[in-house]
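**Q** Listed in order, the protein sequences are those of chains A and B.
Numbered per my numbering, the first sequence spans residues 1 to 303.
Numbered per my numbering, the second sequence spans residues 1001 to 1524.
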Amino acid sequence: MSAAASLRARVRALLSRRAEVYGINRRNLGLVYPNNPRRNYPWADDKLLAKEAFRAKGVPTPETLVVCDGLYAVPGAVEALRGRSRFVAKPANGSGGGGILVAGDWDPEREAWRKAGGGEVTPLGLARHLADVVFGVHSNQLEDRAFVEERVEPHAVFQALWADGLCDVRVVVLRGRPVMSMIRVPTAESGGRANLHQGGLGIAVDLDSGRTFRALHRGLAVERHPESGAALLGLELPAWPLVLEVARRAALAVPLGYLGVDVVVDREKGPLVLEINARPGLEIQNVNGRGLGPALARAEAAP
Amino acid sequence: MRLEHRHLARLTVAALVLGTLGLMVYKVRALGYALSDVLPVRQYEVTYALDLDGHGGDVRVRTFLPSSDARQTVSEERDVTSGLHLSQTVDGPNRVGSWTGAEVPDRASIRHTFRVLPHRVVYSLPPDLAVPDSYPASAAAWLRPEKEIQVDAPEIASALARIGADRGTVVERLRRIYDLTSGLAPRPFKGTTDALTALRLGEASCNGKSRLFVALARAAGIPARLVGGLILETGSKRTSHQWVEAYVAGHWVPFCPTNHHFASIPERYLTLYFGDETLFRHTSDVNFQYRFEIRSELVPSPKAKASFTLFNVWGLFDRLKLPFSLLRTILMLPVGALLTVLFRNVVGMPTFGTFLPALLAAAAGQTGAVWGVVAILVVVAVVATVRGAVSWLELLHSPTLAILLAAVVFTLLSTTMLAEKLGVAELTRVTLFPIAVLAICAERFYLSLTEHGAKVAGKELGGTLVVMLACYVVMNSLALQVLVIGFPEVLFLVLAANVYLGRWVGMRLSEYRRFRGLLAGGAR
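#1: Between the C-alpha atoms of ARG1218 of chain B and ASP1318 of chain B, what's the straight-line distance to the nearest angstrom?
#2: Is ALA112 of chain A closer than 8 Å to ARG86 of chain A when the C-beta atoms are compared?
#3: If we define contact as Cβ-Cβ less than 8 Å, is VAL205 of chain A a contact residue for chain B?
#4: What ranges does the beta strand (DSSP E) occupy inside the stretch 1402–1467 of chain B, keeping only unbroken runs of at least 3 residues that lie completely in it?
#5: Would ARG1503 of chain B pass as an interface residue toward chain A - the criterion being a Cβ-Cβ separation below 8 Å?
#6: Find out if the Cβ-Cβ distance for the pair GLU1293 of chain B, PRO1118 of chain B is shorter than 8 Å.
#7: Rank B:TYR1446, B:SER1264, B:VAL1038 by C-alpha distance to the C-alpha of VAL1121 of chain B and give the top, closest one.
#8: Where does MET180 of chain A sit, in a helix, a strand or coil, going by DSSP?
#9: Just checking my contact of LEU1086 of chain B with ASN1287 of chain B at CB under 8 Å: how many whole Å lie between their CB atoms?
#10: Going along the chain, which residues of its own chain have a beta-carbon closer than 6 Å to the beta-carbon of VAL1499 of chain B, five neighbours each way excluded?
#11: Report yes if the CB atom of LEU174 of chain A is closer than 8 Å to the CB atom of ALA44 of chain A, and no otherwise.
#12: Can you give me the C-alpha to C-alpha distance between ASP1276 of chain B and ARG1225 of chain B, rounded to a whole angstrom?
#13: So, for LEU1469 of chain B: in the same chain, excluding its five sequence neighbours on each side, which residues have a beta-carbon less than 8 Å away from its beta-carbon?
#14: According to a CB-to-CB cut-off of less than 7 Å, which residues of the stretch 21–38 of chain A neighbour chain B?
#15: If we call anything under 8 Å between Cβ atoms a contact, is PHE135 of chain A one with LEU1461 of chain B?
#16: What residues in its chain sit with their C-beta under 8 Å from that of GLN1289 of chain B, if we drop five residues either side in the sequence?
#17: Taking Cβ-Cβ distances shorter than 9 Å, what residues in chain B pair up with ARG8 of chain A?
#18: How is SER1264 of chain B classed by DSSP in three states: helix, strand or coil?
#19: What residue from B:ASN1345, B:SER1307, B:GLU1426 has the CA that sits closest to LEU1035 of chain B's CA?
#20: Which same chain residues, not among the five before or five after ALA1520 of chain B, have their C-beta less than 8 Å away from its C-beta?
#21: Between VAL74 of chain A and ARG55 of chain A, what straight-line distance do the alpha-carbon atoms span, to the nearest angstrom?
#22: Starting from the beta carbon of GLY136 of chain A, find every residue of chain B whose beta carbon is closer than 8 Å, and list them in chain order.
#23: Kindly indicate which three-state DSSP category GLY270 of chain A falls into: helix, strand or coil?
#24: Is the distance from the Cβ of ILE1156 of chain B to the Cβ of ALA1198 of chain B below 8 Å?
#25: Give me, in chain order, the residues of the same chain whose beta-carbon lies closer than 7 Å to that of VAL1437 of chain B; leave out the 5 immediate sequence neighbours on both sides.
#26: What would DSSP say about PHE135 of chain A, mapped onto helix, strand or coil?
#27: In the DSSP output, which residue or residues are listed as bridge partners for PRO1254 of chain B?
#28: So with Cβ pairs under 8 Å, would you call ALA13 of chain A a contact of chain B?
#29: Thinking C-alpha only, which one of B:LEU1201, B:ALA1304, B:ILE1149, B:ARG1176 is nearest SER1210 of chain B?
#30: What are the boundary residues of the alpha helix (DSSP H) that ASP1166 of chain B is part of?
#31: Of all Cβ atoms in chain A, is any one closer than 8 Å to the Cβ of LEU1338 of chain B?
#32: Let me see if you follow: with CB-CB separation under 8 Å, is GLY1353 of chain B close to chain A or not?
#33: Please state if the CB of ALA1139 of chain B and the CB of PRO1066 of chain B are separated by a distance shorter than 8 Å.
#34: Here's a check: name, in chain order, each residue in its chain whose Cβ is nearer than 7 Å to the Cβ of MET1001 of chain B, leaving out the five neighbours to either side.
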């Protein structure tokens, strides 16, 4: 075959697979706009609103300890948490993991909470953080609500992937049907965040079996965690049918049809829904090594 | 339901495109619009720069000033000479300007400026026209011999017979005279060559060839005259040019034997006077120096302005005394926004918002693209620096932005002050850049930096600059501006493009790269 002919064949092959892969334009026009009316975005943007919807439908979530809906509520919240160990403070409308404070065990002698990776948080420090959140420092709006929930203790399988933080399972759901999923694993490089664009790791999970079959780090397929060396492929995820069930119920609990549901598996409580995203990213296609097109068709055809 | 959306969008696009085309055809067919009038024309600004040393005595300088006629439009003529008085007289077909002054000092200068819009002219001559027996008096005067145009010389008569220009139609005679004179060897001689000398030497500069042409034409019974003027080219020049006109069927038809134009002259010829004249006459011993300074710019064709009558926004802005630059900026904004949409949704290049690149490009129309980019980079540097400094204070969002704005204003003023001190006149222009647009730019950059980090903010900044420059090129195209002014319905095409792009589900160019593994099929 001549060089020109082989090039032409390659381009044709490239274009033929184009129909399977979803770009942003197609995702927005084909999935997000028809399924997610804009007025219903608050259920995805506001974590407290979503949690209320989940509670009403019996979808398990980490337990909320306190909510601060104004500066006045901050001192009371800090007092309520004094002496209590292992919790997370978050902004209701945060994005990209900003404004999240993770407190460890309470140290009665130092009157402070230990932090993961050393350091400590004093009650004053916690009060200041909650006040910042309430003032909208982490959510780019004039005011926000802060809430504190109990810390998830990751299941051993996830703990093995990343010891210092939380790995979650992202399940993309279309009108109550799981489409594709992956685990997002933080790395030291990503600053402990599971965001794939910041150097986090994505592991594809087979929807039927709950087994991991492909992992991607910075666009390259890998078999081991680049820092811990933990094996990533062929893992059998715990309580997989339940993970999918929880994701499906979470998706049906809110008036949004196309969602990324983030599920964590607690060592005692099992699958819990952390948050939902109304515009789930497209990188999951690269992680899975397949386009959303066939996966969506399969999900639609499922009973 | 999705299908319906798609159909609706298609119908909208089709209706907009057909409506636009229909309106354009109607304007061209019924209202006399011409698409070619949309193209800009080159207008020249010519300055006579005359310098002399008056030695404290009386000085008189006389030259020719151009007149408007069928092939050149002279406007905005102004004289910025001090110490000498300009008076104008009409001498036959020529306009004569004379500067006079008493006790004129050394190093006196005359500056006389005008703008001119020249047109190319081409004549088609009637092939069968015989040489008439008589001419009107005004034309007949141009048959007589002159000192350096020796119509009666036997050598001229024999040359005429030799080339066969003493018989046949007017066109045949002119063609033969033209062939002879334009075939003479060029001669880089700056002085005057008379007709006979040119004939004897067989070589001449422009005035020698032209005089010979005139002498031969007159001898052949066709009135002819020298034309003096300039070939317009940007820069500073001393060389004037001479060509000829012959009186054919009631018209003065131009010929340039030097540069080989038969019955035509190109656009760049500026006519200053007719006849065998001297361009400058002046008091002797004044160390007279002259040069022509010529600049040029593209301007909308006056024909466009005259013919665009339906929904005449141009006339509206004239009546309201609003500047033309505002009109074209406003009309080009939707075009710039469409370009931004193309870059964002088809190329996949992130920018600070959809309007900002177009707004930046519009603002850069006043300062030039380079200074626009400089202004943006200055602002971005200020934002990054101030953000670093202010982050120690842990301030809330809005006050931080207000501090940024103050810093931007202060920096722009300091830059201008520094530029003035250093004598970099160009740099002072950064202050001309509309502060409102820069303020929005600063805010967007700050938000991006804070929410997504330096890498994303840098990418968006780069994308914004690229799209801004693309918008700048397109939005500052005078042809496009005049097109939209004359045919505002072109903006419906912009709408149609946006409707189409709004339903376009294709992959962005950047996504071919992002998903190249999937597309290549080597993922598994």
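We treat Cβ as the ideally placed atom computed from N, Cα and C, and that holds for glycine.
**A** The relevant details are as follows:
#1: Between the alpha carbons of ARG1218 of chain B and ASP1318 of chain B lies a distance of about 50 Å.
#2: No, Cβ-Cβ distance for ARG86 of chain A and ALA112 of chain A is not below 8 Å.
#3: The beta carbon of VAL205 of chain A does not come within 8 Å of any beta carbon belonging to chain B, so the residue lies off that interface.
#4: Within the stretch 1402–1467 of chain B, no complete beta strand (DSSP E) segment of 3 residues or longer occurs.
#5: Yes, contact with chain A.
#6: It is not a contact, given that the beta carbons lie outside the stated cut-off.
#7: Closest by C-alpha distance to VAL1121 of chain B, out of B:TYR1446, B:SER1264, B:VAL1038, is B:SER1264.
#8: Residue state, collapsed to three classes: strand.
#9: At roughly 20 Å, the Cβ-Cβ gap does not stay under 8 Å, so LEU1086 of chain B and ASN1287 of chain B are not in contact.
#10: So the list reads ALA1009, THR1012, VAL1013, once near-sequence residues are dropped.
#11: In this structure, LEU174 of chain A sits away from ALA44 of chain A, with a CB-CB distance that is not shorter than 8 Å.
#12: ASP1276 of chain B and ARG1225 of chain B have their C-alpha atoms some 8 Å from each other.
#13: Annotation for LEU1469 of chain B: ALA1361, ALA1369, VAL1373 place their beta carbon closer than 8 Å to its own, counting only its chain and skipping 5 residues before and after.
#14: Taking 7 Å as the Cβ-Cβ cut-off, the stretch 21–38 of chain A approaches chain B at VAL21, GLY23, ILE24, ASN25, ARG26, LEU29, GLY30, PRO34, given in chain order.
#15: For PHE135 of chain A and LEU1461 of chain B, no; Cβs fall outside 8 Å.
#16: These residues qualify, in order along the chain: LEU1050, ASP1051, LEU1052.
#17: Those do not exist, as ARG8 of chain A stays about 15 Å from chain B at its closest Cβ, beyond 9 Å.
#18: Assigned with DSSP and collapsed to three states, SER1264 of chain B falls in strand.
#19: B:SER1307 is the residue among B:ASN1345, B:SER1307, B:GLU1426 whose C-alpha sits nearest the C-alpha of LEU1035 of chain B.
#20: Exclusion of the five residues before and after ALA1520 of chain B leaves no residue of its chain whose Cβ lies closer than 8 Å to its Cβ.
#21: Looking at the two C-alpha atoms, the distance is approximately 24 Å.
#22: Neighbourhood of GLY136 of chain A in chain B, by CB distance below 8 Å: LEU1396, HIS1397, in chain order.
#23: In the three-state reduction of the DSSP assignment, GLY270 of chain A falls in the strand class.
#24: Pairing ILE1156 of chain B with ALA1198 of chain B gives a Cβ-Cβ distance that is not under 8 Å.
#25: Result list for VAL1437 of chain B: LEU1359, LEU1360, ALA1363, in chain order.
#26: In the structure shown, PHE135 of chain A sits in coil (DSSP, three-state: anything other than H, G, I, E or B).
#27: PRO1254 of chain B pairs with B:GLU1245.
#28: For ALA13 of chain A, the answer is yes, since a Cβ of chain B falls inside 8 Å of its Cβ.
#29: Closest by alpha carbon: B:ILE1149.
#30: Run containing ASP1166 of chain B: none; DSSP gives neither H nor E here.
#31: No, because no Cβ of chain A sits closer than 8 Å to the Cβ of LEU1338 of chain B.
#32: No - not a single Cβ of chain A is within 8 Å of the one on GLY1353 of chain B.
#33: It is not a contact, given that the beta carbons lie outside the stated cut-off.
#34: Confidence at MET1001 of chain B is low in this model, with a pLDDT of 45, below 50, so the placement of that residue should be treated as unreliable; the coordinate-derived value is given next. Nothing meets the Cβ criterion.
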